[in-house]
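Down below is the structure, laid out as structure tokens.
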Amino acid sequence: MTARKGSSKKSKGKGKGRKRRGAKVKAMEEAKVGVFLSDCGGQIAKILDFEALTNFVKTVQGVTFVARANEFWRGEGLKIIVDAVKTKKVNRVVVAEAVPKISEVAIAKAVEEAGLNPHLVEVLDLKDHCALPHRDTPKEATEKAKAMLLAAIEKARLLEPIEKTEFPAVKSVLVIGGGIAGMQAAEDLADMGFQVHLIEKEPFLGGLAAKAVRFFPTDDCAICIQSPATDLKTVTQTSRKCVYRSGFSEIPNLNILTNAKVVKVEGGPGNFKVTVERKPRYVDEKKCVACDLCTSVCPVEVPDEYNAKLTKRKAIYINKPLVYPPAYAIDAKVCKFHECAKCVEVCPTKAVNLDQKTEHVTLNVGGIIVATGFREYDPSVIKEYHYGEYPDVITHLELARMLDAFGPTNGVPVRPSDRKPAKRIVFVQCVGSRDRRWNPYCSSICCMISLKHATLIKEAYPDTDVTICYIDIRTTGREHEYYYERAREMGVKFVKGRPSEIIHDPATNTLIVEVEDELLRRLMELEADLVVLAAAMVPSEDTKELAQILGVELDQDGFFKEYNAKLRPTETKRRGIFICGGAVFPKDAPTTSLHAHSAAVKAAKFLMNGKITKDLKVAVVNEDYCGNCQFCPVTCPYGAITLEPKGDGHFVAKVSELICEGCGVCVGTCPVGAIELRHLKPSQISAQMKALLSVNGTSKPLVLAFSCSECGHAAVDSSGMAMMSYPANVRVLRVPCTGVIQVQHILEAFKAGAQGVMVVGCKPDGCHYEVGSQKAQKKVEMAKMLLQAYGIEPERLEMFNLVFIEGDKFAEAAKAMTERVERLGLLQLA
Amino acid sequence: MSGEKPLDFTKEITSKLGGETIARCYQCGTCASTCPVTRTTERYNPRQIIRLALLGQRDEVLKGDSIWLCASCYNCQERCPQKVEIADVIYALRNIAIREGNIPAIYTEFANGLMSEGRLAPISKFLEKKRADYGLPPLKPTGVEAIKKILAATGFDKIMFKKEGTPQ
Amino acid sequence: MTSYALFLGCTIPARQPHYELAARKALTRLGIQLVDMEGATCCAPPPLQSIDLETSLAIAAYNICLAEEADLNIVTLCTGCFESLTIANRLLKEKPELREKVNKILANAGKEFRGTKEVRHYLQVLMDDIGIDRLKQSIVKPLNNLKVAAFSGCHLLRPSELLRFDDPERPRIFDTLIEALGAKSIPYKNKLRCCGGLLRGYADDVALAIARDKIVNAYNAGADCISTLCPFCFLTLDLGQMLIKATYKEEYNMPIIHYAELLSLSLGVEPKELALDFHKVKIDRVLEKIG
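Sequences listed follow chains A, B and C, in order. Residue 692 in the numbering used here is what sits at position 692 of the first sequence, and the numbering runs on without skipping anything. Residue 106 in the numbering used here is what sits at position 106 of the second sequence, and the numbering runs on without skipping anything. Residue 17 in the numbering used here is what sits at position 17 of the third sequence, and the numbering runs on without skipping anything.
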């Protein structure tokens with residue numbers, strides 16, 4: 001139902017379907033600033049002269065109310081603020097409070113409830129940013145506190161209300177890929193009541209896992225999945241079932257499309273329009289009863305890819321034995337169609353339809369989950385192993401098919417060259433992975449796959465000689481080491497050494513694996529009937545193409561890149577698009593399962609309200625100045641900016657209010673100042689700068705430190721928390737991200753009286769807004785060149801990249817900068 | 001162990017032409033397994049040389065005869081999964097060893113030939129006559145003077161003949 | 001007519017005039033003009049690289065400079081020379097810092113490496129300048145299905161990243177050229193493995209053991225001869241058989257023939273025009289077979 005609603009006209013036009021709510025924006029009224037001074041339970045009053053501060057604040061223009069308390073962000077203190085807003089007509093709130101991040105949120109919430117727009121609040125931290133680090137020079141600290149308060153008040157006077165907006169979110173999700181990750185995520189979301197479309201490019205669900213016989217470490221069948229919890233009363237601990245018995249296809253809200261792939265994605269987060277191309281199956285799934293009559297008459301025989309080409313199948317086929325959908329499919333590449341049509345004649349239910357055509361389906365979804373998995377690398381490029389040339393050199397996936405009791409050899413490992421049971425088997429690890437020539441990363445699951453296969457073979461055929469040649473055995477998961485132990489106990493041999501070559505002796509039809517047993521320091525020539533290569537696991541085919549269609553990034557190894565490995569492991573940089581399972585990196589089944597659940601939860605969280613509510617702390621474009629250049633669309637780390645035709649041949653930047661994160665990297669990039677942040681206007685930066693530099697009160701030259709709101713500010717916080725000290729001439733001006741800083745801002749700081757300027761941001765590769773810190777570095781370099789040209793020493797400007805725990809480094813930097821500027825002497829501006 | 005600092009030797013090698021890639025080695029043994037010399041004699045194992053070097057066993061690496069047993073066939077380098085340029089690493093180790101005076105006699109001979117004639121194999125009177133008999137053109141003179149200048153510029157002459165002086 | 005600066009190196013002119021003679025005759029017959037290089041020196045092969053890599057690069061570069069001045073590409077016969085010169089040429093063309101360093105050294109000898117010329121092995125000249133079809137048309141005396149164990153030597157193929165001559169694991173060029181002469185390039189064990197030649201003079205016993213492997217493998221595969229491209233491989237395998245006889249008391253009588261000699265013969269050069277007396281292991285059996 002949600003899908004239908006989403007495709008209605010309402011949501012078509014960008015922004016048309018959304019509602020604005022929250023405090024109504026009134027015409028700019030006169031600013032009445034209330035200043036609330038917390039002395040942190042008297043602690044900092046021992047350093048700062050609060051009486052002087054109170055008296056100072058009262059003299060500042062626009063201040064109509066001043067209060068002092070132990071704390072203001074909760075309890076009685078918070079009531080004072082609420083009361084001031086409600087009864088004293090205070091319409092701008094300045095709070096000097098410790099723990100600024102928590103207090104900001106609490107105070108904003110209270111103020112909003114009191115009827116004031118929550119963005120008319122400015123919080124500053126007199127404790128960690130002033131009193132504590134300057135505790136040895138209390139007079140200077142008090143003077144600095146005045147400057148900080150003045151800056152906050154000046155900024156507050158210029159604050160404008162920021163509205164909340166709602167964007168429609170269609171409660172429907174597209175899951176791409178019908179392997180275990182996709183099935184799991186689809187089931188979770190469908191159970192939660194979302195409309196789910198699960199698409200699979202092959203004619204059958206199951207993906208790579210369907211070929212894998214058994215999973216480690218549980219040793220259960222690969223085709224076993226959790227059965228759906230559509231009726232919560234029926235969920236029991238035994239809800240694990242074979243895929244064909246799971247009832248998966250009967251989950252309400254779940255629409256399964258096989259033979260399908262995504263060809264186009266339009267729209268945006270919460271409201272995607274996805275075009276899916278569906279290739280014909282030529283068999284009606286609803287009519288087919290899987291009676292097998294069609295295969296008995298089909299004259300076309302081809303090697304069966306599903307069974308590692310060890311057996312043949314017909315042009316009309318089904319992956320036996322336990323698949324979904326339980327309906328035959330026709331391989332269009334080899335079928336003779338109407339020339340033959342024997343299957344049509346024989347089908348008792350008239351399920352075969354040779355005239356089916358490729359169709360395009362349009363789906364309206366709020367979110368997309370990519371679960372396209374991984375595949376086994378083709379090791380024929382590693383020529384010294386002769387895969388593809390010697391028939392008895394095979395891969396693990398091929399061995400897995402042999403070990404399947406329903407597989408091509410009924411569970412017996414044979415050498416393909418003569419079909420005789422393989423009595424001597426050598427496994428080679430790290431084939432094409434951990435190899436700078438092919439795939440530098442560790443594929444992470446191959447050690448366990450080899451141990452699994454080795455033990456399966458030993459269990460069934462104990463007299464088989466099994467040797468594993470390895471560089472390192474990696475059994476890092478839960479219960480994995482026991483697997484290794486069991487393999488040793490069963491008599492699997494382990495040779496530490498990577499084989500350099502596999503040679504075939506035609507006289508005996510034997511393979512010879514040349515390897516150095518490093519522990520014996522001896523060259524071995526291991527004779528084998530069958531050599532199994534633990535080939536690397538690489539991204540699925542078409543991963544690049546899909547990434548392009550979706551507009552999401554791939555990592556250096558070609559897998560889908562998560563937003564943040566620790567915090568957002570199943571999200572991409574593009575909101576509303578989630579990733580999970582082997583599409584992100586090769587994974588075992590348990591980890592894939594976890595990952596799929598996580599992606600499902602993230603998608604559900606994103607769409608559960610049917611709408612996305614957001615404060616419009618975003619960038620806005622002045623269309624009169626903006627013209628044609630590509631800077632901001634290219635620089636925006638979120639792809640929130642597009643160039644739209646203005647009608648007169650000109651293009652202007654257009655910011656998606658939904659996607660914009662409000663970092664301001666675009667602001668720092670714009671060469672003509674045509675874009676600004678709603679929550680930090682140029683006038684507010686200027687006013688703060690002037691105020692911070694208006695009072696010195698120390699004997700040292702003033703240094704202005706621009707800091708980002710993330711790691712940079714956290715480093716300033718932690719220097720105070722950890723009782724580091726630095727001189728009070730250093731003044732901090734907070735911006736959302738250092739990426740917002742323009743060369744102009746830096747020059748302005750010098751003009752306003754700064755003798756030195758610091759830019760304090762995240763680490764270049766750890767910027768919360770991806771590229772901001774790097775962009776700031778460039779600006780600093782540019783500004784240095786300009787300073788030089790103006791005859792100002794470029795050393796007066798420096799960028800510092802810090803994280804929270806580097807408070808000591810911030811203090812050191814502040815001291816060093818002060819000393820450096822002192823050494824350079826007073827800056828005289830013409 | 002002779003109290004050497006392992007890191008220093010690794011750095012010494014990686015800063016030398018040819019030695020840059022040694023630290024990538026993860027001891028998989030592909031080099032040893034593919035080496036024709038290791039197959040023939042226990043005196044040589046490229047994996048072991050690299051291991052000793054990375055563990056800082058400078059003396060054992062530079063003073064032993066192992067590093068001189070590489071046949072420069074590049075099989076190992078070709079197949080190394082970490083793209084360690086093993087044959088080149090061996091050259092780098094030999095270059096260091098030679099600077100420290102560990103110079104096998106045959107190498108002094110080569111250097112002598114190069115410095116005196118600009119070529120490693122001298123031409124005999126017999127061969128000159130033979131060449132003429134076959135109708136081969138007389139050999140053009142080598143640029144031995146230019147070579148001498150190059151050897152002086154790189155210090156090659158001093159490296160090889162610091163004790164005896166130049167052979168002329 | 002295509003012209004090349006002929007880089008002879010040290011060993012071929014001094015020890016193996018039969019190679020030089022055959023190569024000159026064959027290439028000239030095929031229309032390649034060979035210009036002898038004035039002032040060329042040793043190419044700075046592995047023994048010198050072992051002493052000092054930087055000096056070796058400079059010496060190789062010096063020789064390339066001579067070709068640059070003569071405005072000719074270089075053709076080499078010896079695979080060792082091919083390797084030394086190609087590596088230097090590629091490295092200095094592709095790594096500006098290294099080139100700057102080497103040019104500082106070369107300045108002392110009044111030279112500057114510019115990177116304007118190519119170094120080719122004569123097999124590349126046969127493949128690319130003459131071409132397999134024209135080569136086949138030029139054959140007047142096909143080699144009558146002679147069973148040849150092709151042995152290109154290591155330094156034609158490796159290090160492949162710099163030499164870029166052929167697929168290092170599945171080379172085809174040399175075999176194709178052998179078969180173009182009407183011979184058969186037969187498979188044999190460890191075909192691409194080294195002959196051990198560079199260990200001669202330092203560890204003769206090891207070198208000989210490796211060479212013996214090579215001979216035995218070709219012998220077991222039923223080869224009529226081993227065909228070589230490198231004078232060191234030739235020496236190691238040809239003279240080596242005398243040493244094998246003395247050391248191991250084994251006699252294989254495996255003729256070692258430079259490809260240039262086979263090429264000359266198939267182009268109609270009479271055996272007596274070639275310096276075949278330089279072979280320690282007599283090749284009469286081969287001559288008989290090809291008639």
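Just so it is clear, CB atoms sit at the ideal spot from N, CA and C, and this is done for glycine as well.
CB contact check: residue i to chain C, cutoff 7 Å
{"i": "Lys-63 of chain B", "result": "no"}
{"i": "Lys-129 of chain B", "result": "no"}
{"i": "Ala-132 of chain B", "result": "no"}
{"i": "Tyr-74 of chain B", "result": "yes"}
{"i": "Glu-78 of chain B", "result": "yes"}
Proximity test, Cβ basis, 7 Å: residue i and chain B
{"i": "Asp-404 of chain A", "result": "no"}
{"i": "Glu-527 of chain A", "result": "no"}
{"i": "Ala-384 of chain A", "result": "Looking at the sequence shown, residue 384 of chain A is not Ala but Glu. It does; some Cβ of chain B falls within 7 Å."}
{"i": "Asp-557 of chain A", "result": "no"}
{"i": "Ile-471 of chain A", "result": "yes"}
{"i": "Arg-90 of chain C", "result": "no"}
Beta strand (DSSP E) segment containing residue i, residue limits
{"i": "Lys-241 of chain A", "result": "240 to 242"}
{"i": "His-360 of chain A", "result": "359 to 365"}
{"i": "His-121 of chain C", "result": "119 to 121"}
{"i": "Asn-271 of chain A", "result": "271 to 278"}
{"i": "Lys-614 of chain A", "result": "611 to 615"}
{"i": "Leu-511 of chain A", "result": "510 to 517"}
{"i": "Arg-809 of chain A", "result": "The question names Arg, yet the displayed sequence has Lys at residue 809 of chain A. Run containing Lys-809 of chain A: none in the beta strand (DSSP E); it sits in the alpha helix (DSSP H), 807 to 824."}
Test item: CB-CB of residue i and residue j under 7 Å
{"i": "Ile-90 of chain B", "j": "Cys-31 of chain B", "result": "no"}
{"i": "Leu-163 of chain C", "j": "Thr-86 of chain C", "result": "yes"}
{"i": "Val-175 of chain A", "j": "Gly-182 of chain A", "result": "yes"}
{"i": "Lys-611 of chain A", "j": "Pro-168 of chain A", "result": "yes"}
{"i": "Cys-96 of chain A", "j": "Leu-126 of chain A", "result": "It should be pointed out that residue 96 of chain A corresponds to Ala in this sequence rather than to Cys. In contact: Ala-96 of chain A and Leu-126 of chain A (Cβ atoms closer than 7 Å)."}
{"i": "Pro-917 of chain A", "j": "Met-537 of chain A", "result": "What the structure shows of chain A is the stretch from 1 to 830, and residue 917 of chain A is not part of that stretch, so it cannot be assessed."}
{"i": "Ile-51 of chain C", "j": "Ile-98 of chain B", "result": "yes"}
Where the alpha helix (DSSP H) containing residue i begins and where it ends
{"i": "Leu-114 of chain B", "result": "105 to 117"}
{"i": "Gln-774 of chain A", "result": "772 to 790"}
{"i": "Tyr-482 of chain A", "result": "480 to 489"}
{"i": "Cys-294 of chain A", "result": "293 to 297"}
Whole-Å CB distance - residue i paired with residue j, under 8 Å assumed
{"i": "Val-283 of chain A", "j": "Ile-330 of chain A", "result": "6 Å"}
{"i": "Asn-253 of chain A", "j": "Val-170 of chain A", "result": "That pair is no contact at about 13 Å."}
{"i": "Phe-65 of chain A", "j": "Ala-84 of chain A", "result": "5 Å"}
{"i": "Thr-76 of chain C", "j": "Phe-151 of chain C", "result": "The Cβ separation is near 17 Å, so there is no contact."}
{"i": "Pro-671 of chain A", "j": "Cys-629 of chain A", "result": "7 Å"}
{"i": "Gly-178 of chain A", "j": "Leu-198 of chain A", "result": "6 Å"}
{"i": "Leu-680 of chain A", "j": "Val-740 of chain A", "result": "7 Å"}
Min CB distance residue i to chain A below 7 Å
{"i": "Gln-57 of chain B", "result": "no"}
{"i": "Ala-32 of chain B", "result": "yes"}
{"i": "Gly-18 of chain B", "result": "no"}
**OP:** Residues of the stretch 170 to 196 of chain C with a CB closer than 9 Å to any CB of chain A: list them in chain order, please.
**Re:** Going along the stretch 170 to 196 of chain C in chain order, one finds Arg-170, Lys-189 and Asn-190 with a Cβ nearer than 9 Å to chain A.
**OP:** Please name the residues in the stretch 139 to 159 of chain B whose beta-carbon is closer than 9 Å to at least one beta-carbon of chain C, in chain order.
**Re:** Look at the stretch 139 to 159 of chain B: the residues with a C-beta under 9 Å from a C-beta of chain C are Leu-139, Lys-140, Pro-141, Thr-142, Gly-143, Val-144, Glu-145, Ala-146, Ile-147, Lys-148, Lys-149, Ile-150, Leu-151, Ala-152, Ala-153, Thr-154, Gly-155, Phe-156 and Ile-159.
**OP:** With 7 Å as the limit, tell me which residues of the stretch 81 to 110 of chain B have their beta carbon closer than that to any beta carbon of chain A; keep them in chain order.
**Re:** Along the stretch 81 to 110 of chain B, going in chain order, the ones with a CB nearer than 7 Å to a CB of chain A are Pro-81, Gln-82 and Lys-83.
Original post:
When Cβ atoms are compared, which residues of the stretch 56 to 68 of chain C fall closer than 7 Å to chain B?
Top reply: Of all residues in the stretch 56 to 68 of chain C, Ala-58, Ile-59 and Tyr-62 have a Cβ within less than 7 Å of some Cβ in chain B.
Subject >> Within 7 Å of chain C by C-beta, residues of the stretch 35 to 58 of chain B in sequence order >> reply: The residues in question are Pro-36, Val-37, Thr-40 and Thr-41.
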